[in-house]
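Let me begin by presenting the structure, written as structure tokens, before commenting on it.
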Amino acid sequence: MNISKRKLSKMLSEHEELKAKRHPMFERNRFVKFLAYFMVAYYSAILLFMGVMLPMPMSHTYHGVAAFHVLDGWFFIIIMIDFWLRFILQDTPVNQTRPYSLLPISRKFLMRRYLINAGLSWGNLYWAFFLVPFAFLSVFRSMSLGATAGWLIGWWLLIVLNSYFYLLIRSLCTRNIAWAMLPFILHAAIICIATIPEHNVLDMPCTNFMYGFAKLQPVCFIAVIAAILLMVKLNEKVQGIILYDEIGKKEETEVKNASQISWFNRFGIVGEYLKLEVKVRMRCRTLKMQFLVLIGCMLLLSGLLYFTDIYDNMFMKSFICLYDYIVPGMSTLITIMCYEGNYMDLLMSRKESIRDMLAAKYYFNSALLLIPFCLLIPLVVIGKITIWMNLGYLFFTVGVLYPMMFQMSAYNKETLPLNAKLTGKQGNGAQNMVSIAVMFVPIFIERASVTLLGDPWGYILLITLGLTGIVTHQRWINFTYKRFMQRRYTNMEGFRATRK
Amino acid sequence: MEIKINNLKKTFGEKVAVDIEQFEIKSGEILGLVGNNGAGKSTLFRLILDLIKADSGTVFNGDVNVTETEDWKQWTGSYIDDSFVIDYLTPDEYLQFIARITGITDDQLKDALKKYEHFMAGEIMGQKKLIRNLSAGNKQKVGIVAAMLLQPKLLILDEPFNFLDPSSQNAIKRLLVEYNKETGATILVSSHNLNHTVDICPRIALLENGRIIRDIDNTDKSAEKELENYFEINQ
Chain A
1 MNISKRKLSK
11 MLSEHEELKA
21 KRHPMFERNR
31 FVKFLAYFMV
41 AYYSAILLFM
51 GVMLPMPMSH
61 TYHGVAAFHV
71 LDGWFFIIIM
81 IDFWLRFILQ
91 DTPVNQTRPY
101 SLLPISRKFL
111 MRRYLINAGL
121 SWGNLYWAFF
131 LVPFAFLSVF
141 RSMSLGATAG
151 WLIGWWLLIV
161 LNSYFYLLIR
171 SLCTRNIAWA
181 MLPFILHAAI
191 ICIATIPEHN
201 VLDMPCTNFM
211 YGFAKLQPVC
221 FIAVIAAILL
231 MVKLNEKVQG
241 IILYDEIGKK
251 EETEVKNASQ
261 ISWFNRFGIV
271 GEYLKLEVKV
281 RMRCRTLKMQ
291 FLVLIGCMLL
301 LSGLLYFTDI
311 YDNMFMKSFI
321 CLYDYIVPGM
331 STLITIMCYE
341 GNYMDLLMSR
351 KESIRDMLAA
361 KYYFNSALLL
371 IPFCLLIPLV
381 VIGKITIWMN
391 LGYLFFTVGV
401 LYPMMFQMSA
411 YNKETLPLNA
421 KLTGKQGNGA
431 QNMVSIAVMF
441 VPIFIERASV
451 TLLGDPWGYI
461 LLITLGLTGI
471 VTHQRWINFT
481 YKRFMQRRYT
491 NMEGFRATRK
Chain B
1001 MEIKINNLKK
1011 TFGEKVAVDI
1021 EQFEIKSGEI
1031 LGLVGNNGAG
1041 KSTLFRLILD
1051 LIKADSGTVF
1061 NGDVNVTETE
1071 DWKQWTGSYI
1081 DDSFVIDYLT
1091 PDEYLQFIAR
1101 ITGITDDQLK
1111 DALKKYEHFM
1121 AGEIMGQKKL
1131 IRNLSAGNKQ
1141 KVGIVAAMLL
1151 QPKLLILDEP
1161 FNFLDPSSQN
1171 AIKRLLVEYN
1181 KETGATILVS
1191 SHNLNHTVDI
1201 CPRIALLENG
1211 RIIRDIDNTD
1221 KSAEKELENY
1231 FEINQ
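Sequence lines, in order, name chains A and B.
As numbered in this note's numbering, residues 1 to 500 make up the first sequence, in order.
As numbered in this note's numbering, residues 1001 to 1235 make up the second sequence, in order.
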């Protein structure tokens, strides 16, 4: 290597900065950039608020026990949240080092550098927005400034350790997705151990361990630092192997599910697009995962209402049941056309293919709603909800919410990868805003309707509104298609610019 | 199918990508488009296919202004890049999809594919491989076959010889010439391979900075010298 490691490291840092700065999504859209900064500021403010507001009531609830002891007893919850959030926000060193892997730069140096950077990343200090005010209002009040610093450093070390554990799991997941089960089982086991007995049995050992940081006991720091070093070493080993795997990757090429799905032939051209809807979910990692998560989500929501009585008040019942119906649309229709951006030129070079595709998407997503409908039937049987409510939500979603969500097809212009690993960064700011609106606006319409007209007439109104949308679906799909065609140049440019 | 271009202009920032005052491609012609990287070949194709918006000017495909209706798509086949194929389908599924959405029956498809058997060299159909797992050359073959499947009156292929092995390059040359003879279709081909372009195109347009600087008659295959001079080959 002719260049010094320091200079090289500086150059690589510049590349990282440019990568973030020149992300196509940000480059083309100032609003998205603003929204990203706004969301960071917003969540920071929430953490700060919690850090200031929580110590007092926590201490009060636990009969005067210092709030940090209470938090320490449950510290693994923060660690778990931090871990799973990383799947959305953090890239792996393998992805970052790959572009340099064929250059005359030592791979070991690259890997080490990225691993060290991952540990020292500002992202690992994000919890400080919560922990710093919390520490000053709790540790500092009952101990000293040194104890506060020790406690905070202890937390930071644990978050760094967590980040390396995440990197290890995330990298192993690229080899086999089943590795995701390891943290899942581990976290589930910890939660069970902590919550199933009457008292949190982990409370005392966790509190004592964290107290060690506040008391500046070297053994606590040494233990965590040793664990970090071990994790770095493990990461280095695993990432090295995976980098070789990735460079010489040979994907399994024989397709196992080359079914004709000839049942769809009866629907003519729309049937061909329906086949695409099914096949894309069978063969593309991103959509396969999305579909599985979706099914899991619907099962969870229905199960929550069926097996527990914690959400038995009317508002929560309505919210959860309605959400059960909204989830499929939210996960697939908010980003409608984004996956098709990968082959948009093909669609645009065939007459009216976009309209047929939109129709197929409408039928497919409507049929998908039979799943929540069936899942909610047991709730009807045990009398937790009425059949009118179930039907009302079904028709309201298909006939009112779907036409609204379909409008995104005229405005989405960012290609999303069909085979992103695990949860890639998906959806832009505008899509997230629409998701939030879709989550909360329907419940207010539903509540207003049922409060004004009562049960079942409120739901009958929802059914009527829904039926109107269903009966007129050809017209509004046509309208959406025309809107798409009016904006085709802008959208095509966006799809092209974000295609990988 | 006749193509008429009038005052067509497209710029990307300061860079002029296409600037063509008048250009006409007669029905049944095979036109080769040559030029260095960034000369505007692909942009011109995208403008003809209404995939990008022109700053000004018009493109007529037959009697149809391509920006006003989609009717021209019924007689136009094209392959420019990967975004013209659905890569999570197998080639069989993809070609069947294209056939069905363009009203070709399964029997007609079977017959039509016989013509391309030599070109596909037994490496594409019936392989149970997704298109994304094919080599770049085979992926390109799938795209080209799909573009020709509809028996279009206008066929547009951007760099069709790229990624192909020498046998396949010769096969596609033969296919294009025969297809033109049989159907009288207009064919537009862009390429960096001057030999192939000279071999199959009786007319060659040379693009530079978005402008057609030479419209070369190559009916007697005499364009090679002129092109070699322009591209400074053998100098």
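Built from N, CA and C at the ideal position, the CB exists for glycine as well.
In the structure shown, V1034 of chain B adopts extended strand secondary structure according to DSSP, grouped into three states. Ranked by Cα distance from D1217 of chain B, the first of B:T1011, B:I1124, B:I1200, B:I1086 is B:I1200. Residues of the segment 1006 to 1025 of chain B with a Cβ closer than 8 Å to any Cβ of chain A: none.
The Cβ-Cβ distance between M439 of chain A and I336 of chain A does not fall below 8 Å. Residues of the segment 279 to 297 of chain A that bring their beta carbon within less than 8 Å of a beta carbon in chain B comprise K279, V280, R283, C284, in sequence order. A distance of 8 Å or more separates the beta carbons of K1004 of chain B and D1019 of chain B. Taking C-beta separations shorter than 6 Å and ignoring five residues to either side along the sequence, the partners of I1156 of chain B in its chain run F1045, S1078, L1188, following chain order.
Rounded to the nearest whole angstrom, the CA to CA distance from G494 of chain A to T415 of chain A is 8 Å.
The beta carbon of V1085 of chain B sits closer than 8 Å to some beta carbon of chain A. Within the segment 299 to 311 of chain A, no residue has its Cβ closer than 9 Å to any Cβ of chain B. In the DSSP assignment, D1082 of chain B falls outside any beta strand (DSSP E) and carries neither an H nor an E. Residues of the same chain with a CB within less than 7 Å of the CB of I354 of chain A, apart from the 5 flanking positions on each side, are L347, Y481, F484 in chain order. Between G1057 of chain B and M1001 of chain B, the CB-CB gap reaches or exceeds 8 Å. Listed along chain A, no residue sits closer than 9 Å to F1119 of chain B by beta-carbon distance, the nearest being about 20 Å off.
Residue-level contact check: I269 of chain A touches chain B, since one or more beta carbons of chain B fall below 8 Å from its beta carbon. Between S262 of chain A and E446 of chain A, the C-beta gap is not smaller than 8 Å, which leaves the two residues out of contact. Separation of the CB atoms of C321 of chain A and I385 of chain A is rounded to 6 Å, and the pair is thereby assigned contact status at 8 Å. Contacts with chain B at 8 Å (Cβ-Cβ) include L418 of chain A. In summary, T286 of chain A is buried, with 16 or more beta-carbon neighbours lying within 10 Å of its beta-carbon over all protein chains present.
By the neighbour-count criterion, in which 16 or more other beta carbons inside 10 Å mark a residue as buried, H473 of chain A falls on the buried side. Its chain contains F109 as the residues whose beta carbon lies nearer than 8 Å to that of K5 of chain A, once the 5 sequence neighbours on both sides are disregarded; these appear in chain order.
Nearest neighbour of N235 of chain A by Cα position, chosen from A:L71, A:Y164, A:N478, A:L462, turns out to be A:Y164. Residues of the segment 338 to 356 of chain A with a C-beta less than 8 Å from any C-beta of chain B: N342, Y343, M344, D345, L346, M348, S349, R350, K351, E352, S353, D356, listed in chain order. Ranked by how close their Cα comes to the Cα of K1026 of chain B, the residues B:R1100, B:L1154, B:Q1096 have B:L1154 in first place. R1132 of chain B places its beta carbon less than 8 Å from that of Y1088 of chain B. A direct Cα-Cα distance of roughly 11 Å separates L182 of chain A from A189 of chain A. DSSP places D1019 of chain B inside the beta strand (DSSP E), whose first and last residues are 1015 to 1025.
With fewer than 16 other Cβ atoms from the protein chains shown falling within 10 Å of its own Cβ, T308 of chain A counts as exposed. Against chain B, the CB of L276 of chain A has a partner CB under 8 Å away; the residue lies at that interface. Pairing M330 of chain A with S409 of chain A gives a Cβ-Cβ distance that is not under 8 Å. Rounded to whole angstroms, I1052 of chain B and G1210 of chain B show a C-alpha spacing of 15 Å. Distance from the Cα of Y411 of chain A is smallest, within the candidate group A:V232, A:N491, A:W388, for A:N491. Between G1032 of chain B and I1204 of chain B, the CB-CB gap stays under 8 Å.
For the segment 356 to 374 of chain A, there are no residues whose beta carbon sits under 7 Å from a beta carbon of chain B. At a cut-off of 8 Å between beta-carbon atoms, E1070 of chain B makes contact with chain A. No Cβ-Cβ contact shorter than 8 Å links N124 of chain A with W155 of chain A.
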